[in-house]
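Mapping of the sequence shown onto our numbering: position 52 corresponds to residue 223, and the numbering continues sequentially without gaps.
No residue lacks a Cβ here, since even glycine has one placed at the ideal position from N, Cα and C.
Since the structure is predicted, the reported quantities are computational estimates derived from the model, not experimental observations.
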Amino acid sequence: MWSKIRRLFSSYVFNICLVIGIAALVMYLTLRNNPKDVWAMLRHADVKWIMILILSVIGIRVLSGYALREETRLSYPDYSLFKGVATAFTGGFFNEITPSATGGQFAQVIIFRRQGVDLADSASVLWMDFILYQVMVVAVDLVLVILKFHAFFANASHFFLIVLLGFAVNAGVIVIMFALTKSQRFYHWLTTTGISLGMKLKLVKDREKTLASLEQQLNRFQKEVDALSKHKGLMAKVCIAHGLRLILYYSMPVSAAHALHVSPVNGGFLDALALASYVTMVNAFIPSPGSSGGTEAVFLLMFSAIYHSSDASAILILWRFMSYYLDMIIGAVVFFLAKNIPFRQAHRITETNEVQQ
């Protein structure tokens, strides 16, 4: 039975239908109390701010593509921004239609291959990008948690604990990886007591397979950390790109509010920025494609703290359409084109050239 369920959720067609179904349900639940007010706000949206939202969606992927370009150019100096953006949109699209955003990197490898980047190099780039992006997620979210912790914890202490747990999950991924590569004692504990505990809790089924996979992932992680440590300028540029990308994404609800001529009744720009980051942290626990359903519920719960209920509903609809559905549509088109239209092949630096450099 479970194998059938897993196969069902691995189907892209099923996941897209699931997203559409959840979207329809969310739309109904969001609009059932005050549909006329919400639709009136959406009909009179400011075109200028709608364009800013569209540019934000594209800008987020351009920044991601820039990061991929800089990382790929370590081995392929002619790798272009255009290719990086195509790869970024592809990753976003498949993350949005797979449970827990698990499909993005596999699809990006396909596009990398179409662009002439071999499998080992594409895996290296994606690891670099994951490390630096995760570091920036933790850094930006930590700042927003510290700045706005007291205000929101005082009003929603029970729910805010889930936000902190979500932050711990995001931070834990990168912290544990660094700890395992730096601490022999921690590594020994995890590979002995930790694995045994996982088997007792039914989280680990095959000890040897799990240990082999862990060893492989840690070796790859350490290799990319070592490579990044030799290119501090690259690290700085990529981290700045990812930081701007996060701020741009977190600011989209504010842009949606401006488009709908809505002002907060409590708080300002930084509050909205923090709330958007908190929504993203909670998404770590929502396994549906695109965290559909849960994201909308959490958004309404969070943003009702600074906007009127009907205003928050209208902002949710506009924000979610732009940040998720529009991004998914553009990503689908870009993936189709990138998969079927040949790129000018990227050329790898030869070992001789690498030595000369």
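How close, in whole Å, do the beta carbons of residue i and residue j come, if the pair is a contact with beta carbons under 8 Å?
i    : j    : result
G443 : V425 : Reading the sequence as shown, one finds Ala at residue 443 and not Gly. Yes, they are in contact, since the Cβ atoms of A443 and V425 sit about 5 Å apart, within 8 Å.
D397 : V433 : No, D397 and V433 are not in contact; Cβ-Cβ is about 49 Å, not under 8 Å.
N341 : V308 : 6 Å
S293 : V280 : 5 Å
I268 : G262 : About 12 Å separates the two Cβ atoms, so there is no contact after all.
A430 : L224 : 7 Å
V228 : D498 : 5 Å
Y420 : I231 : 6 Å
I366 : L389 : So it is not a contact: roughly 14 Å between Cβ atoms.
T352 : Q387 : Not really, about 13 Å apart at Cβ, beyond 8 Å.
S484 : L471 : 7 Å
F260 : I501 : 6 Å
M493 : M423 : 7 Å
If distances are taken between C-alpha atoms only, which option among the options comes closest to residue i?
i    : options                : result
G236 : S354, H413, P435, E386 : H413
H518 : I221, V218, S227, L245 : L245
R515 : M370, L224, R285, R240 : R285
A339 : T363, A310, K353       : A310
I486 : Y304, P435, Q305, A455 : P435
V218 : A427, S480, G287, F507 : A427
G343 : I302, H321, L368, L315 : I302
L335 : F320, M348, L405       : F320
V306 : V346, I282, L419, I317 : V346
W298 : R391, S494, K401       : R391
V256 : V233, V375, P270       : V233
F456 : P270, K207, P206       : P270
R214 : G502, L489, I520, S463 : L489
D587 : A503, H479, N511       : No answer is possible for residue 587: the residues shown for the chain start at 172 and end at 528.
Quick check on residue i - is its C-beta less than 8 Å from some C-beta in chain B?
i    : result
I366 : The question asks about chain B, but that chain is absent: this structure has only one protein chain.
So, with DSSP's three-state summary, where would you put residue i?
i    : result
H429 : helix
I221 : helix
Q516 : coil
R244 : coil
I347 : helix
G274 : coil
T158 : Summary: the structure shown does not reach residue 158, with the chain confined to residues 172 through 528, and so no result is reported for it.
T352 : helix
K381 : Looking at the sequence provided, one finds Thr at residue 381 rather than Lys. Helix, per DSSP.
V375 : coil
Q122 : Since the displayed the chain opens at 172 and closes at 528, residue 122 lies outside it and no answer follows.
G337 : helix
C188 : helix
H215 : coil
Y237 : helix
Q286 : coil
Can you have a look at residue i and say buried or exposed, based on whether 16 or more other CB atoms are within 10 angstroms of its CB?
i    : result
F440 : exposed
R356 : exposed
M222 : exposed
D312 : buried
I477 : buried
Q450 : It is worth fixing the name first, because residue 450 is Val in this sequence and not Gln. Flag for V450 reads buried.
L226 : exposed
C188 : exposed
F264 : buried
W210 : exposed
A407 : exposed
N454 : buried
T466 : buried
L318 : exposed
L508 : exposed
E242 : buried
T258 : buried
R378 : exposed
G464 : buried
S354 : exposed
F283 : buried
V557 : This structure cannot settle anything about residue 557, because the visible part of the chain is limited to 172 through 528.
The ligand COA heavy atoms versus the CB of residue i: any closer than 7 Å?
i    : result
A517 : Ligands displayed in this structure: none; no statement on the ligand COA is therefore possible.
Inset, instruction - Give, in chain order, every unbroken run of the alpha helix (DSSP H) that is at least 4 residues long and sits entirely within the region 384–465. - result: 403–421, 423–430, 440–453
Legend entry - Complete runs of the alpha helix (DSSP H) confined to the region 468–507 [at least 4 residues]: 480–491
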